[in-house]
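Trainee: This structure is in structure tokens; I'll ask about it shortly.
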Amino acid sequence: MGPYLLLVPALAAIAVGLGYPLVRQFVISFQEYGLAQQFGRPAEWVGLDNYVALLTDSYVWAVIARSIAFCLVNAGLTMAIGIALAVLMTKVGRAARVTLQVGMLLAWGTPVLATMTVWQWLFDSQYGVVNWLLAEPLGMESMRYHSWLIEPLSFYGVATVIVVWMSVPFVAFTVYAGLLQVPEECMEAAQLDGANAWQRLWSLAIPMVKPVLFVVALLQVIWDLRVFTQIHVLQRAGAPTRETHLLGTYIYSLAKEFSMAGAMATIMLVITLALTVFYIRRMLREEQL
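In this note's numbering, the protein residues as written are 51 to 339.
This is the structure:
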């Protein structure tokens, strides 16, 4: 009984800080709740009308599909680059490793809005470094004044670069910490048995840190599905909002209709839980093999 009592303060804090907002959001999603209700007008109970209106809207399904695709692409790229950098840190010398770690810490620790300001300047249509590099050294004159945010495809390309840039350090440091726990004796024994560097990594090191990879990948999927700030800031920089909405920004656009925003946020929660359950079941299945 004693250990469970120690959990009570933490569970109480979670219930107040997370449970109440979720319950309130869920209740509002079944009501007609707008600005008038903020000033005292009673909210009308409408049942599933908000969910029906959203789920029968083809645009909502386009936003959902777009968000899932963006999430999976970004999570995959982040994991691939992060694992590659983690392996690199185990191979290079101390000076190179410290330099790489400091660089990633700066990328990870810089506030999001400060990072967005730098990236907006890099991709600026008139004074951006990216356009200058493409036009001058590479001779792609058509890219001199190219606007990266007007077209949805290039908009998501820029957003992907930024999101991956800010997410890679967490993956790299976490996987690097896991790789440090791989017994050196096992690696030396595999080398003596004739395994090359790739075989030692793929057949020995990666399986040993697989639990770490599963947890990091799960967190990355959740974070990338809920991405908001990067998309919102790029939209305010001149991108067409309707063609570039993801779940987070679309819910924000419904802010004046609290009931619709609550219903959409609940749908987003269900999607997140569905992806999480699918991923955890797959993880447990692989661990049993």
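Ideal Cβ positions, reconstructed from N, Cα and C, are used throughout, including at glycine.
1. When the distance is taken between beta carbons, is Ala247 closer than 8 Å to Asn100?
2. Judging by CA-CA distance, which residue of Ala112, Gln231 and Trp95 is the nearest neighbour of Ala256?
3. Under the assumption that Gly228 contacts Val262 (Cβ atoms under 8 Å), give the Cβ distance between them as a whole number of angstroms.
4. What three-state label does DSSP hand Gln176 in the structure shown?
5. Enumerate, from N- to C-terminal direction, the unbroken alpha helix (DSSP H) stretches of 4 or more residues contained entirely within the segment 220–307.
6. Do you know whose CA, among Leu203, Ile317 and Gln170, lies nearest Arg286's CA?
7. Does the distance from the C-beta atom of Thr299 to that of Val214 stay below 8 Å?
8. Just tell me which of Leu122, Ala115 and Ala305 has its CA closest to the CA of Gly84.
9. Leaving out five residues before and five after Leu297 in sequence, what residues of the same chain have Cβ atoms less than 8 Å from its Cβ?
10. Can the beta-carbon of Val225 be found closer than 8 Å to that of Gly132?
11. For Ala222, count neighbouring Cβ atoms within 10 angstroms of its own Cβ and tell me buried if that reaches 16, exposed if not.
12. Taking the CB atoms as reference points, tell me whether Pro219 and Met154 lie closer together than 8 Å.
13. Could you give the first and the last residue of the continuous alpha helix (DSSP H) run that contains Thr106?
14. Out of Gly244, Gln249, Ser192 and Met166, point me to the one whose CA is closest to Ala209's CA.
15. Under the three-state reduction of DSSP, which class applies to Glu191: helix, strand or coil?
16. Look at the alpha carbon of Arg250 and the alpha carbon of Val137, and state the distance between them as a whole number of angstroms.
17. Quick check on the DSSP output: the alpha helix (DSSP H) that includes Pro53 runs from which residue to which?
18. Which class does Trp95 belong to by DSSP, given the choice of helix, strand or coil?
19. Tell me whether Ala125 is buried or exposed, calling it buried when 16 or more other Cβ atoms sit within 10 Å of its Cβ.
20. Report buried or exposed for Gly178, applying the criterion of at least 16 other Cβ atoms within 10 angstroms of its Cβ.
Mentor: So, from the data block:
1. no
2. Contrary to the premise, residue 256 reads as Ile rather than Ala in this sequence. Per the Cα distances, Gln231.
3. 4 Å
4. coil
5. 234–242, 247–250, 260–275, 279–286, 291–294 and 297–303
6. Gln170
7. no
8. Ala305
9. Val113, Ile114, Ser117, Leu275, Arg276, Met314, Met318 and Ile321
10. yes
11. buried
12. yes
13. Element bounds for Thr106: n/a, residue is neither H nor E.
14. Met166
15. helix
16. 12 Å
17. Gly52 to Ile64
18. strand
19. buried
20. buried
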